[in-house]
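Residue numbers (the UniProt record's numbering): 1 to 405.
I have placed the structure first, in the form of structure tokens, so that the comments after it can refer back to it.
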């Protein structure tokens with residue numbers, strides 16, 4: 001049953017969106033202010049399960065004269081459509097190498113907003129990645145009239161993983177770096193200019209029970225489009241992880257969100273907020289800058305190591321440091337510390353007292369060692385039992401000698 005709500009929707013602001021589904025349909029949802037904010041739906045194409053859409057990307061940019069949408073279908077084709085009327089301008093096969101099997105479907109697709117080839121201004125560059133990790137970077141010149149011949153550059157291909165299945169693929173705002181991750185594949189970042197791997201994540205350590213969580217990334221996004229070093233990834237074990245490739249290979253922040261797998265993560269324009277959606281339809285926005293777990297954490301800025309974490313019960317709002325107190329002079333109880341001269345005198349007195357106590361203990365040990373030690377008498381019961389054993393043994397030897405004779 002679909003979820004229902006008793007609240008009346010006030011209407012949408014003006015927007016236009018394209019959706020894609022498993023039957024290969026493209027649906028345009030559009031809402032205008034003169035329509036009272038009620039969205040209208042227009043359907044492009046005919047339902048066909050063999051043409052289901054696996055991934056989609058757009059070069060939507062206000063300064064780009066040619067608006068295009070790339071769609072990766074289940075049949076292995078990548079189609080370049082017009083977002084205005086849905087006309088197919090180009091159809092590109094997925095197979096770019098002889099060793100790639102047709103059943104190796106596309107898992108990630110990205111259409112670049114800036115031109116990366118020597119073709120005309122009507123060209124577009126596509127990054128595709130299959131489930132088995134076969135990545136391809138190619139440029140195609142889109143004809144003005146659908147159906148005309150295509151001009152293509154030689155595609156650049158490489159493998160992003162040796163085992164496992166790729167599930168998510170994302171490109172940063174500068175379009176110079178891409179990350180890949182999936183089931184059995186740790187998140188890794190690649191330089192698209194040289195097609196080289198520059199960073200690979202490390203699996204989190206086992207928990208307190210010694211249980212290791214298998215690697216399974218379901219979605220990922222860069223936290224800030226201007227910084228490729230920080231990104232957020234969602235896992236099948238309902239975890240949201242923040243990575244900083246300039247800090248460490250393991251996540252710098254990790255937290256659980258409900259109890260079902262994470263299905264989608266998206267960044268906000270402010271570069272600090274992340275939207276998280278899971279398999280049960282729950283949606284949340286998280287400010288990744290601060291922690292609301294009521295902990296005061298002390299870090300070493302040089303080694304990036306956590307020095308201490310103190311639980312303070314309530315949500316914290318501000319922290320200030322008292323610079324007049326040294327590292328070894330913090331009064332936890334709030335009682336004012338004595339002057340430095342008095343503290344030095346007290347420390348000297350304590351050392352003298354410890355020395356005198358040590359001398360007294362040593363003299364006591366020497367005295368105990370010089371005293372004569374009195375030997376302990378044997379108990380009568382013990383000696384009697386020993387005599388009884390000797391009697392039994394003698395009787396047994398006597399009987400053996402008689403038998404021998």
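Positions of the beta carbon are idealized from the N, C-alpha and C atoms, including for glycine.
{"Asked": "Secondary structure of residue 57, DSSP reduced to three states", "Found": "strand"}
{"Asked": "C-alpha distance - residue 67 paired with residue 281, whole-angstrom precision", "Found": "32 Å"}
{"Asked": "Straight-line Cα distance separating residue 309 from residue 74", "Found": "49 Å"}
{"Asked": "Whole-angstrom distance between residue 235 and residue 278, CA atom to CA atom", "Found": "10 Å"}
{"Asked": "Span of the beta strand (DSSP E) around residue 30", "Found": "26-31"}
{"Asked": "Residues that DSSP places opposite residue 70 in a beta bridge", "Found": "57, 80"}
{"Asked": "Segment contact flag, the region 207-215 with the region 261-268, C-beta cutoff 8 Å, min 3 pairs", "Found": "no"}
{"Asked": "Coarse secondary structure for residue 331, derived from DSSP in three states", "Found": "In this prediction, residue 331 scores a pLDDT of 49, lower than 50, which makes its location untrustworthy; the coordinate-derived value is nonetheless stated afterwards. Coil."}
{"Asked": "Identity of the residue in 137, 306, 272, 197 nearest residue 247 by Cα", "Found": "306"}
{"Asked": "Beta strand (DSSP E) segment containing residue 188, residue limits", "Found": "185-191"}
{"Asked": "DSSP-derived helix/strand/coil call for residue 50", "Found": "helix"}
{"Asked": "Contact check, residue 199 vs residue 245, beta carbons under 8 Å", "Found": "yes"}
{"Asked": "Rounded straight-line distance, which links the Cα of residue 320 to that of residue 15", "Found": "45 Å"}
{"Asked": "Contacting residues, own chain, Cβ-Cβ under 6 Å from residue 56 (five flanking each side not counted)", "Found": "20, 71"}
{"Asked": "Minimum Cβ-Cβ distance from residue 129 to chain C less than 8 Å", "Found": "Of the protein chains in the structure, only one exists, and it is not chain C."}
{"Asked": "Same chain, Cβ closer than 6 Å to residue 59, neighbours up to 5 away in sequence not counted", "Found": "68, 111, 113"}
{"Asked": "Same chain, Cβ closer than 7 Å to residue 300, five either side skipped, listed in chain order", "Found": "307"}
{"Asked": "Those runs of the beta strand (DSSP E) which lie wholly inside the region 160-236 and span at least 3 residues", "Found": "165-171, 177-183, 185-191, 196-200, 217-224, 227-235"}
{"Asked": "C-alpha gap between residue 170 and residue 322, whole angstroms", "Found": "44 Å"}
{"Asked": "Residue 256 (DSSP reduced to helix, strand or coil)", "Found": "strand"}
{"Asked": "Local conformation of residue 278 per DSSP, three classes", "Found": "strand"}
{"Asked": "Residue(s) in a DSSP beta bridge with residue 92", "Found": "78"}
{"Asked": "Segment contact, 8 Å Cβ cut-off, at least three pairs: the region 124-132 with the region 160-177", "Found": "yes"}
{"Asked": "Where residue 256 falls, given that 16 or more other Cβ within 10 Å makes a residue buried", "Found": "exposed"}
{"Asked": "Pair within 8 Å by beta-carbon distance, residue 243 and residue 187", "Found": "yes"}
{"Asked": "Per-residue DSSP class, three states only, for residue 14", "Found": "coil"}
{"Asked": "Where the beta strand (DSSP E) through residue 244 begins and ends", "Found": "239-244"}
{"Asked": "Straight-line Cα distance separating residue 270 from residue 41", "Found": "30 Å"}
{"Asked": "8 Å contact criterion, which residue 220 and residue 181 should meet: CB distance rounded", "Found": "6 Å"}
{"Asked": "Residue range of the beta strand (DSSP E) that includes residue 286", "Found": "283-287"}
{"Asked": "Extent of the continuous beta strand (DSSP E) to which residue 300 belongs", "Found": "295-300"}
{"Asked": "Per DSSP, cross-strand counterpart(s) of residue 139", "Found": "125"}
{"Asked": "Residue range of the unbroken beta strand (DSSP E) whose run includes residue 108", "Found": "106-111"}
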